[in-house]
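In my numbering, the protein residues as written are 3 to 752.
All residues carry an ideal CB built from backbone N, CA and C; glycine is no exception.
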Amino acid sequence: MADGAGQETIYLINQIQPGKIAIAALGLDYIRNIQKSIRFGKKGHSAIVDGQGNIMAHPNLEWQRQMKNIAKVKPVAKMMAGETGVTTFYSPAVKMDMISGFTTVPTTGWGIMVPQPLSELEENAGGVKRAALALVIFGLVVAGVISWLLSGLLVRPVEAVVQAAREIEDGFLEARVPRPSPHAPVEFQELGYAFNAMARDIGTVMLQHDRIQNELRQAHDELELRVQERTQELTDEIAERKKAEDSVRRSEERFRGAIESMQEGFALFDADDKLVALNDEYRRVSPVAQNILEKGGTFEDVFRANVARGVIEEAQGREEEFIRERMEQHNNPSGPIIRRFTDGTWYMIVESKTPEGGTAISFIDITELKLAEEALNASRMRFKDYAEVASDWFWEMDEELRFSYFSGRNFQLTGYNPEDLIGKTRAELANENLEDPRWREHFADLLAHRPFRDFSYQLTNPTGEVLHISISGTPVFDADGEFQGYRGTGTNVTSQVKSEEALREAMEEAKFANLAKTEFLANMSHELRTPLNSVIGFSDLLMDEKTSSLGPDKASEYVLDINNSGKHLLELINDILDIARIERGLLELNEKKLDVPLLMASCQRLVYDRAFDAGVELKTEVSKALPPLLADELRIKQILLNLLSNAIKFTPQGGSINFKADIDEEEHFQLSVADTGIGIAPEHIETALTDFGQVDGTLARKYDGAGLGLPLSKKLAELHGGELIIVSKPGSGTTVTVRFPSERTIGTVS
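The structure is reproduced here in structure tokens:
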């Protein structure tokens with residue numbers, strides 16, 4: 003690893019006693035100088051690596067600077083395995099086949115290899131044995147030198163430290179480490195007593211020296227044996243060469259016959275990229291190639307001629323740039339090339355390097371395949387377009403029932419991006435109880451790989467809106483009948499479901515309205531019949547000759563009853579008309595400043611006699627200095643009279659009614675009528691506020707009335723922007739409050 007100055011350095015670390023360690027640093031310059039002096043043959047070199055295959059010394063300086071890892075190189079891999087011997091391999095440094103001797107230092111795991119080009123060995127076959135022997139001897143010498151150097155640099159100074167330490171341990175306290183050689187690294191000159199324990203570990207290197215010598219001798223014997231075998235092989239090869247030349251000629255003839263019989267175009271270029279062979283199909287597609295073959299031209303000559311002919315569609319308008327790109331592909335083939343010619347044909351071109359360094363090129367007409375591919379792509383695009391514009395979306399599941407595809411309409415209709423849904427199951431997306439029988443049946447269909455249609459469930463979209471989804475799906479099987487998943491469609495039926503719910507609500511409302519109409523007719527028949535019977539009965543008496551002798555007092559009484567009954571009918575009809583006008587938005591307010599205490603006194607006078615006759619005490623409570631109220635006097639009076647009339651009607655004899663007006667802290671005007679009457683159960687308040695609603699709807703009910711007072715009062719209060727609030731408890735009385743918005747309070751309370 004690098005030291006503080008960025009120089010590659012070897013660190014030796016050892017624990018000398020608990021809590022203390024000793025560290026030594028050794029530069030690589032000395033080892034690299036040794037490596038530079040070692041080479042074998044004209045193009046041979048040497049390399050020294052550490053136990054992980056990282057370069058410590060190498061002729062390639064960039065590799066050396068990076069401490070490049072070459073553990074995959076064959077001899078390095080063997081050294082890392084602790085082997086010593088000879089092997090052949092392809093060297094990426096010099097880009098040729100090599101033969102190398104190699105050995106390792108067992109203690110450190112370092113290794114040295116001395117490769118030489120195999121071609122040099124083959125060219126000097128006659129002296130191969132001597133060269134091999136020299137290589138072995140040289141390798142042994144190099145290994146011995148390295149061992150000696152390692153011993154001198156690492157072991158001997160450390161042994162001196164160990165010896166001094168042992169002497170100190172034996173009681174000779176004056177023992178000192180001898181002064182090291184001036185050639186020793188400066189790091190060892192700084193070693194002291196702290197390296198005593200570490201010296202024992204380094205000393206073991208020397209103990210392995212004999213074993214290394216034995217391994218080198220074994221490597222020498224193995225190398226000599228392999229050189230003898232290779233020498234015999236070369237002798238046999240020379241003896242076979244003449245026979246091989248004849249065989250090569252016959253092979254060439256067979257080769258030419260083979261390439262001519264190929265349906266594909268074929269051309270062969272040698273290591274210098276010259277065209278050396280081609281077949282008729284290549285001549286047909288590239289007529290200029292034959293002339294270039296005869297002249298000894300190159301691939302670039304052939305390609306430039308084709309570009310000049312204008313047959314390559316991609317090259318038009320950018321010829322030189324295209325030629326550069328094509329030459330780069332040709333020099334570094336990486337895969338097939340698909341190319342379209344100007345006549346509409348498509349070719350697939352395949353290039354590969356030959357063992358001799360040349361290039362073989364073949365091409366085949368794939369026009370029909372490309373046309374089929376284009377048709378398939380067009381079909382896919384049509385399907386995609388249909389999927390994107392369809393009102394539904396398309397989905398697919400894999401064999402584990404997890405979503406694998408959604409068309410774009412899904413995002414438009416649900417708000418979910420497809421990537422948010424891919425990989426999930428439908429159960430993970432649903433917003434319902436999965437124990438519901440509908441879901442259990444659906445899961446059973448999925449597990450049984452059965453098709454399904456119009457299964458509906460709820461889905462919460464990213465904005466929190468609950469959507470209603472309807473899906474249909476069909477299982478997909480491969481040619482062997484294996485289940486592959488599902489594909490199907492989905493539809494957002496939220497609007498349809500809401501429409502159906504609205505229709506059901508409308509039907510319920512219509513049903514309720516019909517019931518209300520029936521009750522209204524029943525009520526009206528009672529409410530209208532009673533005053534009409536009075537009008538008709540008393541008028542008949544007045545017209546009857548038998549009763550014509552009635553005195554004036556009796557006649558006046560009958561006339562008064564007829565008048566009261568007519569007024570009652572008029573009030574009923576007016577209430578009905580007012581409700582109808584409010585419902586249609588036709589009732590307009592005639593707003594002005596109202597003196598509320600004066601208005602309350604007027605209402606009290608109108609109902610006083612009725613309260614007196616009923617035996618009910620009527621009290622009025624008005625806050626002092628009330629400001630004016632902006633409202634319609636007639637309608638406010640109508641509200642108060644309705645509330646007072648109801649209170650009198652439903653309060654038993656001896657009860658009381660409190661008629662009150664005040665302003666709350668937020669300056670809302672409040673008018674309230676509180677009685678001690680029979681009260682209303684909380685669950686019946688809504689019915690009492692419904693048009694024509696009656697808590698007791700039977701014809702034999704105790705209290706008369708059309709059921710219009712409270713609903714009309716509520717609507718009139720809301721028409722003023724206010725609200726009508728009922729607080730009631732059966733047997734304890736009822737308080738009805740009309741609360742107006744603060745903007746209707748004119749001025750402030752003093």
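In this structure, His670 keeps its C-beta atom at 9 Å or more from the C-beta atom of Arg607. When only Cα atoms are considered, Asp272 and Val88 end up about 33 Å apart. Contact check for Thr678 against Ser734 passes: the beta carbons are separated by less than 9 Å. According to DSSP, Val478 shares a beta bridge with Gly487.
Here Val675 is bridged, per DSSP, to Phe661 and Val738. Ala307 sits in a helix when the DSSP states are folded into three classes. Note that the C-beta distance between Ser625 and Ala663 is below 9 Å. Around the beta carbon of Met58, a 10 Å sphere encloses 16 or more other beta carbons of the protein chains shown; the residue is thus reported as buried. In the DSSP secondary-structure assignment, Met329 is not bridged to any residue.
For Ala221, the CB contacts under 6 Å within the same chain, skipping 5 residues up- and downstream, are Thr86 and Gly87 in chain order.
At a cut-off of 4 residues, not a single continuous stretch assigned as alpha helix (DSSP H) sits fully inside the stretch 347–371.
Ser730 sits away from Thr739, with the two beta carbons spaced by 9 Å or more. Straight through space, the alpha carbons of Gly113 and Pro61 are spaced by roughly 16 Å. The C-beta distance from Asp634 to Asn592 rounds to 5 Å, short enough to fall under 8 Å. With a beta-carbon spacing of about 7 Å, Thr361 and Asp275 fall inside the 8 Å limit used to define contacts. In the DSSP assignment, Thr416 falls within the unbroken alpha helix (DSSP H) covering Arg411 to Thr416. Assigned with DSSP and collapsed to three states, Met69 falls in coil, not helix or strand.
Asn644 counts as buried, since at least 16 other C-beta atoms from the protein chains shown sit within 10 angstroms of its C-beta. Asn419 and Val51 have their C-alpha atoms some 54 Å from each other. Apart from the 5 residues on each side of it in sequence, Val290 sits with its Cβ closer than 6 Å to the Cβ of Ala307 in its chain, given in chain order.
In the DSSP annotation of this structure, the continuous segment of the alpha helix (DSSP H) that includes Glu124 starts and ends at Leu120 to Glu125. Given a length threshold of 3 residues, each whole run of the beta strand (DSSP E) inside the stretch 604–634 is given here in chain order: 619–624 and 631–634. Comparing alpha carbon positions, the residue from Thr491, Lys80, Ile325 and Glu224 closest to Ser458 is Thr491. Nearest to Gly475 by alpha-carbon distance, out of Ala450, Ser288 and Gly483, is Ala450. DSSP places Phe445 in the uninterrupted alpha helix (DSSP H) bounded by Pro439 to Leu449. Rounded to whole angstroms, Arg404 and Trp397 show a C-alpha spacing of 11 Å.
In its chain, beyond the 5 residues on either side, Gln318 and Thr344 have a beta carbon closer than 7 Å to the beta carbon of Gly312. When the Cα atoms are used, Gln66 and His47 turn out to be separated by approximately 14 Å. In this structure, Thr427 sits away from Leu469, with a CB-CB distance that is not shorter than 9 Å.
Looking from the CA of Val75, the closest CA among Arg442, Ser102, Gln68 and Leu63 belongs to Ser102.
The residue from Ser658, Ser604, Thr465 and Arg285 with its alpha-carbon nearest to that of Ile680 is Ser658.
For Leu596, the enclosing beta strand (DSSP E) stretches over residues Glu593 to Leu596. Only exposed fits Gly749, as fewer than 16 other CB atoms lie within 10 angstroms of its CB. Distance from Asn433 to Leu461 at the Cβ level is roughly 6 Å; contact confirmed, criterion being Cβ atoms closer than 8 Å.
Shown here for Ile33: same chain residues with a beta carbon closer than 7 Å to its own, the five before and five after excluded, namely Ile50, Met58 and Ala59 in chain order. DSSP, read as helix, strand or coil, puts Ala59 in strand.
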